[in-house]
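Under the numbering used here, the residue at position 249 of the sequence shown is numbered 344, and the numbers go up by one with no gaps.
Backbone N, C-alpha and C fix where the C-beta goes; we use that ideal spot for every residue, glycine too.
Predicted model, so just to flag it, every value in this text is computed and none were measured.
Have a look at the structure below before the remarks.
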Amino acid sequence: MRQTSLAEGIYDLWIRTDLAAEARCGQFVAVYPKDKSTLLPRPISICETDRQEGALRLVYRVAGKGTAEFSRLKAGDSVQILGVLGNGFPVEKAKPGMNAVLLGGGIGVPPILELAKSLSCRKQIVAGYRDGNCFLREDLQRAACADLPGTEAAKGSAFWIATEDGSVGTRGNVMGAVAQNDLRPDILYACGPLPMLRAVKRYAEEKGIPAYLSLEERMACGVGACLGCVCRTVAVDAHSHVHHARICTDGPVFEAREVDI
Ligand SMILES: Cc1cc2nc3c(=O)[nH]c(=O)nc-3n(C[C@H](O)[C@H](O)[C@H](O)COP(=O)(O)OP(=O)(O)OC[C@H]3O[C@@H](n4cnc5c(N)ncnc54)[C@H](O)[C@@H]3O)c2cc1C
Ligand code: FES
């Protein structure tokens, strides 16, 4: 493994694992802390996969005890992971000729990188941050521009930033940048905090376009057994007859119109 710090409290961890062969964008792994007082594994999204090297990239923010322990991992250490978990982003819904707009907010930015690399249609990425610590900025720009002709004009039409303090890009959130730059998605993919996902859902409903949202919830088992991570759905589950879905196994990615958020 190797690990670097990308910004204050944000870490970039590459782990060598056979799971790299099967991991798809939008899926996650559950990482076990060694400290036995933090019993449960911590879910972290796949930011990037390197199939040739057999490695997974995880980018995470230190939130508490578990992630603080991960931040101390060094080259040569090992860590136990469970995965790959969840359903991932449905890339096949973005057909050739469509314009896919990818929205990442805060610590929801990392999975957008592997998503961008997995989509073959035209894509535009908007990344939202609190301030000028725009981690993964170069990686996202490269992924957004990978299939574009090398002109600056083309590159300028593929990647935008929004910051809450206005220090870089549009002041405000990712939806502000979508409006300001007159982006016209045929399909939306998003990962970020709940208020952002609610705004994306509203926008998609108003425009009548499909949107796929990666939801986040505190998790315990990570494999569908404990019901600790349910979200409210519009339809009733065929087996349990309730308006619930498990984010860890039925998600974390849902079509926006299927979930009540
Ligand atoms: C599917 C999924 C993918 C995720 N991907 C990433 C990722 O790529 N990068 C990343 O930095 N984080 C990600 N997270 C969040 C990450 O799992 C939590 O930050 C982590 O579990 C916190 O563990 P901890 O022991 O450090 O903190 P804890 O001590 O467990 O918690 C610290 C604080 O964070 C809150 N918290 C813990 N887990 C969550 C959660 N899931 N959602 C909201 N608040 C939470 C707690 O309520 C508490 O206030 C993801 C979560 C899910 C469910
Ligand atoms: S975390 Fe246990 S069911 Fe999802």
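For LEU289, the uninterrupted alpha helix (DSSP H) segment begins and ends at 289-302. Residue state for LYS218 is assigned as strand, using DSSP reduced to three classes.
For LEU214, the Cβ stays outside the 7 Å cut-off from all heavy atoms of ligand 1.
Secondary structure of CYS326 (DSSP, three-state): strand. Within the stretch 130-164, the complete beta strand (DSSP E) segments at least 3 residues long are 137-140, 143-145, 150-156, listed from N- to C-terminus. Taking 8 Å as the cut-off, the beta carbon of ILE342 is found no closer than this to the beta carbon of LEU292. In terms of CA proximity to ALA158, ILE202 leads the group ALA118, ALA116, ILE202. With three or more CB-CB distances shorter than 8 Å, the stretch 177-185 counts as touching the stretch 126-146. Taking the Cβ atoms as the reference, VAL204 lies roughly 6 Å from LEU231, within the contact range of under 8 Å. Scanning the stretch 185-232 for uninterrupted alpha helix (DSSP H) segments of 4 residues or longer gives 205-213, listed from N- to C-terminal end. Under DSSP, SER309 takes part in a beta bridge, and its partners are CYS286, VAL348.
With a cut-off of 7 Å, the C-beta of ALA340 is classified as distant from ligand 2, since no heavy atom of the ligand falls inside that distance. Excluding its 5 nearest sequence neighbours in each direction, ALA195 has C-beta neighbours in its own chain below 6 Å: ALA189, LEU214, CYS216, LYS218, ILE282, listed in chain order. By the neighbour-count definition (other C-beta atoms within 10 Å, threshold 16), PRO128 is a buried residue. By alpha-carbon distance to GLY271, the top candidate from LEU322, SER173, LEU208, LEU198 is LEU198.
The DSSP-derived three-state label of ASP242 is coil.
For CYS324, the shortest separation between its Cβ and any heavy atom of ligand 2 lies below 7 Å. Looking at the backbone, the Cα of GLY149 and that of ILE176 are separated by about 14 Å. Shown here, LEU235 sits in a helix according to DSSP, grouped into three states. Our two residues, CYS316 and ALA285, have alpha carbons roughly 24 Å apart in a direct line. Rounded to whole angstroms, the Cβ separation of ASP226 and ASP260 is 5 Å, and the two are in contact under 8 Å. The beta-bridge partner set that DSSP reports for THR99 consists of ASP107.
In this structure, ligand 1 has no non-hydrogen atom nearer than 7 Å to the beta-carbon of THR328. In the DSSP assignment, GLY178 falls within the beta strand (DSSP E) that extends over 176-180. VAL124 carries a strand assignment under DSSP once its states are collapsed to helix, strand and coil. By the C-beta density criterion, VAL325 is buried, having at least 16 other C-beta atoms within 10 angstroms. DSSP lists GLY223, THR265 as the bridge partner or partners of ALA257.
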